[in-house]
Amino acid sequence: MKLLWVLFALAGISLWYIPNTLSLFSGQHSYYNINANGSQVPCQKCHGDVQIEVHTGSIHSNFTCADCHRVQKGVQYASGDDAYERILYINVTPLSTTNIQYRVLATTLGNLQRGNFPNSILGETTIDQWAAAGNDQAQFRDVDNQYAGSMTPGETGVLYNYVYANETATYFNGAPIDTNPSTQYQALDPRKISVNPYPYGMDNLTGAGSRVTTPGTLAHAASTIQCADCHSQFLSSTPDTVHEAFIRYGMEQNSSDNCIACHTSIAVSINWSRPAAISIDTLSDGYNITINGTRTAYWARIETFGNQSGEAIAVSNVTVI
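Dropping the structure here:
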């Protein structure tokens, strides 16, 4: 009888624990791939607050984490963050024999972040010739010791200058843009991209692959693209002298603090001292008034805060929507 009760107890325990144990391996649970070919752990697992903020806006809602955060040499980044850079150049010397106003370079996000691309290039110079002349950072070349990029040609004798760069996804609606079955899920080779020569043209990625795993030295996203890396045009075309100091602030420290203050929902405190009253020294003889000078009567300190919604900015006790 004791043996029978023991068997009943074991059967009851088995009915309770075995399904839960088996579910760890199939069915109720799934596991992230963390092998050397690309970690599947999504950034939002730890950074859900950032995910919500980015994807509830309209400007950057289609960005992946890797568009702004990249690791460095040695560790693979989470797969799914697949993109490359389209760097635009425009002629700064007159055209004479063609109408090739633009050159476009397709390269890696890492090359853009490191400044490993031409700031100026002649129309007849290929990207390989530019690199072979010792202008590139050779340690970041591909496995064939070639610059990881493809560039459209320009007009001979014409100088082209860098204008801006756009991150371009290698996937559309969850599917690779590369339609070649043998390469579409392989690592992206920027040298095989057929680059469209127009600023907003669509490149042909057939045969170029789609997967981007950026090498790095740290196991987490250690480097950040600054706002000015993509929006540098606003640094040279500030709206007025009053706001120029705010727009340019932090650039020498490679900081995006100036942009964060106005363009995100992160609260910002600004200690601002400004004249609160102007004193005017005058002298009058009953007919005429002579102004001898003006000065600041006293200063006021104003603290400006943003709120977490990003929809209102409170200045002292006045709220501006």
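Just so we're aligned, residue 60 is where the sequence shown starts under my numbering, counting upward by one. Glycine residues also receive a C-beta, built at the ideal position from the N, C-alpha and C atoms.
Item: Residue range of the unbroken beta strand (DSSP E) whose run includes Leu-164; Value: 161–166
Item: Reduced DSSP category for Asp-340 - H, G, I as helix; E, B as strand; rest coil; Value: strand
Item: Helix, strand or coil at Phe-199 [DSSP, three-state]; Value: helix
Item: For Ala-228, the nearest candidate out of Arg-270, Asp-344, Val-163 (CA to CA); Value: Arg-270
Item: Sufficient close CB pairs (3 or more, under 8 angstroms) joining the segment 187–202 to the segment 166–177; Value: yes
Item: Three-way DSSP call (helix, strand, coil) for Ile-385 in this model; Value: The question about residue 385 has no answer, for the chain in this structure spans 60 to 380.
Item: Cβ neighbours of Thr-152 in the same chain (closer than 7 angstroms, five flanking residues each side left out); Value: Val-217, Leu-218
Item: Span of the beta strand (DSSP E), counted from its first residue to its last, around Gly-208; Value: 208–210
Item: Contact the segment 207–226 vs the segment 143–160: 3+ CB pairs below 8 angstroms; Value: yes
Item: Length of the line joining the Cα atoms of Val-202 and Ala-70; Value: 59 angstroms
Item: Where the beta strand (DSSP E) through Val-222 begins and ends; Value: 218–228
Item: Ile-180, enclosing beta strand (DSSP E) - first and last residue; Value: 179–181
Item: Which residues DSSP lists as bridging Asn-263, in chain order; Value: Ser-253
Item: Residues of its chain near His-114, where Cβ-Cβ distance is below 7 angstroms and the 5 sequence neighbours each way are ignored; Value: Ser-120
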